[in-house]
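Engineer: In order, the protein sequence lines correspond to chains G and A.
Our numbering puts the last residue of the first sequence at 398; the count rises by one with no breaks.
Our numbering puts the last residue of the second sequence at 398; the count rises by one with no breaks.
Quick reminder that beta carbons are idealized off the backbone N, C-alpha and C, glycines included.
There are 2 protein chains.
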Amino acid sequence: MSNTTPRRLDDQLCFAFYSASKKFNHFYQDALKPFHLTYPQYITLLALWETSPMTVRELGSHLNLDSGTLTPLLKRLEKQGWISRKRSDQDERQVNVAVTPYALEKRDEVYARVNNCIDLMSFDGVDYQTLLAQIHQVMGELDTISTQDLIQEA
Amino acid sequence: MSNTTPRRLDDQLCFAFYSASKKFNHFYQDALKPFHLTYPQYITLLALWETSPMTVRELGSHLNLDSGTLTPLLKRLEKQGWISRKRSDQDERQVNVAVTPYALEKRDEVYARVNNCIDLMSFDGVDYQTLLAQIHQVMGELDTISTQDLIQEA
DNA sequence: AGCAATTTAGTTGCACACGATTAATCCAAT
DNA sequence: ATTGGATTAATCGTGTGCAACTAAATTGCT
Numbered sequence: 245m246s247n248t249t250p251r252r253l254d255d256q257l258c259f260a261f262y263s264a265s266k267k268f269n270h271f272y273q274d275a276l277k278p279f280h281l282t283y284p285q286y287i288t289l290l291a292l293w294e295t296s297p298m299t300v301r302e303l304g305s306h307l308n309l310d311s312g313t314l315t316p317l318l319k320r321l322e323k324q325g326w327i328s329r330k331r332s333d334q335d336e337r338q339v340n341v342a343v344t345p346y347a348l349e350k351r352d353e354v355y356a357r358v359n360n361c362i363d364l365m366s367f368d369g370v371d372y373q374t375l376l377a378q379i380h381q382v383m384g385e386l387d388t389i390s391t392q393d394l395i396q397e398a
Numbered sequence: 245m246s247n248t249t250p251r252r253l254d255d256q257l258c259f260a261f262y263s264a265s266k267k268f269n270h271f272y273q274d275a276l277k278p279f280h281l282t283y284p285q286y287i288t289l290l291a292l293w294e295t296s297p298m299t300v301r302e303l304g305s306h307l308n309l310d311s312g313t314l315t316p317l318l319k320r321l322e323k324q325g326w327i328s329r330k331r332s333d334q335d336e337r338q339v340n341v342a343v344t345p346y347a348l349e350k351r352d353e354v355y356a357r358v359n360n361c362i363d364l365m366s367f368d369g370v371d372y373q374t375l376l377a378q379i380h381q382v383m384g385e386l387d388t389i390s391t392q393d394l395i396q397e398a
């Protein structure tokens, strides 16, 4: 109850992630412009190029997105011909999402475009693995904080 | 044109920022629940607690947000009594955004709540300054890539 | 078998985020 | 003094992101 100084550093850490995420999003938006894909749509396709078909739930647990986000996103991808959605015969609650032949045909082109754009960057002073590990550690820490902990002092 | 392998590592870096940003957002959403503030609203107030008044443009350049995002956000903050919006007399194009007495009164309480929630985390294995520096370096690299570079090979 | 609890995807409502456009205002150069 | 260009905030349209809820289907328990 005594600490009334803004945590500049911690705020900066969150703000850094917030800003970096937006910048990356913008970067991919430009890189993927030839395909009319957004970053969330791109990572959805990435997951499906690796494993297809997947149910909406499986996709969601890979991408950390719920059906409220995925359903409209998948409808847009379907409309543009990248994926198909079909209710499972075995369990009619599930919807199987699969890449289309068009998506398979375009896959290498998308990979090449993204790789070429990434090549424009030079991560010289960046220790890639350490950075990734630290981010994961921060995320792990965020996961350990339960909503309960936060609520109890509200 | 030859590299058709997905850049798992780079995708992972972007995805790590993307995921961490969402987790942080959720963390602050919970922490700020007693005040009915979102994270973007909170950083807007942080900026204004430091400098008030500011024009929408000045706020936007601090937070990297444009008027399309800020105008509705500021209207919500105004409606809830945190800020005031008044068109400048000197230059009627500008709108001066200022914290209200209510916001000043609540400031320390918000700081304390955020600090208490951050205290729940332990950034043990994390070298805070190095992490921040690396994130800034990545952001700097993203800034150097101009849209032109990305467009030319589209 | 029958029914309650669970699971799944979809829907709704709200809040960003941003590109593109618009309207009002200011400024600068004639 | 006018006017053309620049600046500023607001607006519009699209696309997430998520909490809360709904409807349908499945599972589990007796």
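(1) Output yes if chain A places a C-beta closer than 8 angstroms to the C-beta of G/K266; else output no.
(2) Just the Cα atoms here: how many angstroms apart are A/L307 and G/D393?
(3) When the cut-off is 8 angstroms and only beta carbons count, does A/A275 lie next to chain G?
(4) For G/A342, list the residues DSSP reports as bridge partners.
(5) Can you find the residues in the same chain that come closer than 6 angstroms, C-beta to C-beta, to A/D333, ignoring five residues on each side of it along the sequence?
(6) If the criterion is Cβ atoms closer than 8 angstroms, does the pair G/E353 and A/M365 meet it?
(7) Along the chain, where does the alpha helix (DSSP H) containing A/S296 start, and where does it finish?
(8) Is it true that the stretch 288–306 of chain A meets the stretch 336–356 of chain A, where meeting means three or more beta-carbon pairs spaced less than 8 angstroms apart?
(9) When you compare the CB of A/L257 with every CB in chain G, is at least one pair closer than 8 angstroms?
(10) I believe G/F259 touches A/F261 by the beta-carbon criterion, under 8 angstroms. Please report the beta-carbon distance rounded to the nearest angstrom.
(11) Cα-Cα, which of A/D371, A/Q378, A/A377, A/P345 is closest to A/L292?
(12) Buried or exposed: where does G/L257 fall if 16 or more other Cβ atoms within 10 Å of its Cβ makes it buried?
(13) Apart from the five residues on each side of it in sequence, which residues of its chain come closer than 8 angstroms, Cβ to Cβ, to A/D274?
(14) Runs of 4 residues minimum, wholly inside the stretch 340–382 of chain G: which ones carry the alpha helix (DSSP H) assignment?
(15) How would you label G/C357, buried or exposed, when you count the other beta carbons within 10 angstroms and need 16 or more for buried?
(16) State the start and end residues of the unbroken alpha helix (DSSP H) segment that holds G/K267.
(17) Could you give the residue range of the alpha helix (DSSP H) that holds G/E336?
(18) Beta-carbon of G/L289 versus every beta-carbon of chain A: anything under 8 angstroms?
(19) Given a threshold of 16 other Cβ atoms within 10 Å of its Cβ, counted over all protein chains shown, does A/S305 qualify as buried or as exposed?
(20) For G/E385, return the contacting residues in chain A, with the cut-off set at a CB-CB distance below 7 angstroms.
(21) Which same chain residues, not among the five before or five after G/Q324, have their C-beta less than 8 angstroms away from its C-beta?
(22) Once you ignore the five residues that flank G/P278 on each side, which residues in its own chain have a CB closer than 8 angstroms to its CB?
(23) So what does DSSP say about G/T315, is it helix, strand or coil?
(24) Taking its Cβ as the centre, do 16 or more other Cβ atoms sit within 10 Å of A/T313, making it buried, or is it exposed?
(25) Could you tell me the distance, in whole angstroms, from the CA atom of A/R331 to the CA atom of G/S263?
(26) Is A/L394 close to chain G? Criterion is C-beta to C-beta, closer than 8 angstroms.
(27) Counting only beta-carbon separations shorter than 8 angstroms, does G/Y272 have a partner in chain A?
(28) Would you mind sorting G/L253 into buried or exposed? The rule is 16 or more other CB atoms within 10 Å of its CB.
(29) Do G/R329 and G/E322 come within 8 angstroms of each other at the CB atom, strictly closer than that value?
(30) Any Cβ of chain A within less than 8 angstroms of the Cβ of G/A347?
Structural biologist: Answer, in terms of the structure:
(1) If you number the first sequence from 1, residue 266 of chain G lands on position 22. Output row for G/K266: interface = yes.
(2) Against the second sequence, residue 307 of chain A aligns to sequence position 63. Against the first sequence, residue 393 of chain G aligns to sequence position 149. Their backbone Cα atoms lie some 29 angstroms apart in a straight line.
(3) As a position in the second sequence, residue 275 of chain A is number 31, starting the count at 1. By this cut-off, A/A275 is an interface position.
(4) Walking along the first sequence from the start, residue 342 of chain G turns up at place 98. In DSSP, G/A342 forms a bridge with G/S328.
(5) Position 89 of the second sequence, counted from the first residue, corresponds to residue 333 of chain A. Closer than 6 angstroms at Cβ, skipping near neighbours: no residue.
(6) Taking the first residue of the first sequence as position 1, residue 353 of chain G is located at position 109. Taking the first residue of the second sequence as position 1, residue 365 of chain A is located at position 121. No, the Cβ-Cβ distance between G/E353 and A/M365 is not below 8 angstroms.
(7) The residue labelled residue 296 of chain A in the question sits at position 52 within the second sequence. Segment: none, A/S296 is in no alpha helix (DSSP H) and carries neither H nor E.
(8) yes
(9) Here residue 257 of chain A is taken as the residue at index 13 of the second sequence, counted from 1. Interface residue, yes.
(10) Working through the first sequence from its first residue, we reach residue 259 of chain G at position 15. Working through the second sequence from its first residue, we reach residue 261 of chain A at position 17. That belief does not hold up - the Cβ atoms of G/F259 and A/F261 are roughly 12 angstroms apart, past 8 angstroms.
(11) For this step, residue 292 of chain A is matched to residue 48 along the second sequence. Closest by alpha carbon: A/P345.
(12) One-based indexing of the first sequence puts residue 257 of chain G at position 13. Flag for G/L257 reads buried.
(13) Here residue 274 of chain A refers to the residue found at position 30 when the second sequence is read from its first residue. Around A/D274: C361.
(14) 345–363
(15) Working through the first sequence from its first residue, we reach residue 357 of chain G at position 113. Sequence check: residue 357 of chain G is Arg here, not Cys. Buried, by the Cβ-count rule.
(16) In the first sequence, counting from the first residue as 1, residue 267 of chain G sits at position 23. Looking at the DSSP string, the run of the alpha helix (DSSP H) that includes G/K267 is 252–275.
(17) Mapped onto the first sequence, residue 336 of chain G falls at position 92. Segment: none, G/E336 is in no alpha helix (DSSP H) and carries neither H nor E.
(18) Here residue 289 of chain G corresponds to residue number 45 of the first sequence, with the count starting at 1. Not an interface residue.
(19) Residue numbering aside, residue 305 of chain A sits at position 61 when the second sequence is read from its first letter. The residue in question, A/S305, is exposed, as its Cβ has fewer than 16 Cβ neighbours within 10 Å.
(20) Within the first sequence, residue 385 of chain G is the residue found at index 141, counting from 1. Per Cβ cutoff of 7 angstroms: M365, S366, F367.
(21) For the purposes of this step, residue 324 of chain G is taken as the residue at position 80 of the first sequence. H280, listed in sequence order.
(22) What you label residue 278 of chain G is simply residue 34 of the first sequence in a count that begins at 1. Taken in chain order, the residues that qualify are R357.
(23) Here residue 315 of chain G is taken as the residue at index 71 of the first sequence, counted from 1. Three-state DSSP puts G/T315 in a helix.
(24) The residue given as residue 313 of chain A occupies position 69 in the second sequence. A/T313 is exposed by the Cβ-count criterion.
(25) Translated into the one-based positions of the second sequence, residue 331 of chain A becomes position 87. Translated into the one-based positions of the first sequence, residue 263 of chain G becomes position 19. Distance between the alpha carbons of A/R331 and G/S263: 29 angstroms.
(26) The count along the second sequence starts at 1 and reaches residue 394 of chain A at position 150. Chain G contact via Cβ: present.
(27) One-based indexing of the first sequence puts residue 272 of chain G at position 28. So yes, G/Y272 belongs to the interface.
(28) Along the first sequence, one-based indexing puts residue 253 of chain G at 9. Exposed, since its Cβ has fewer than 16 Cβ neighbours within 10 Å.
(29) Stepping through the first sequence from its first residue, residue 322 of chain G is reached at position 78. Stepping through the first sequence from its first residue, residue 329 of chain G is reached at position 85. Yes, these two residues count as a Cβ contact at 8 angstroms.
(30) In the first sequence, counting from the first residue as 1, residue 347 of chain G sits at position 103. Not one chain A Cβ lies under 8 angstroms of G/A347.
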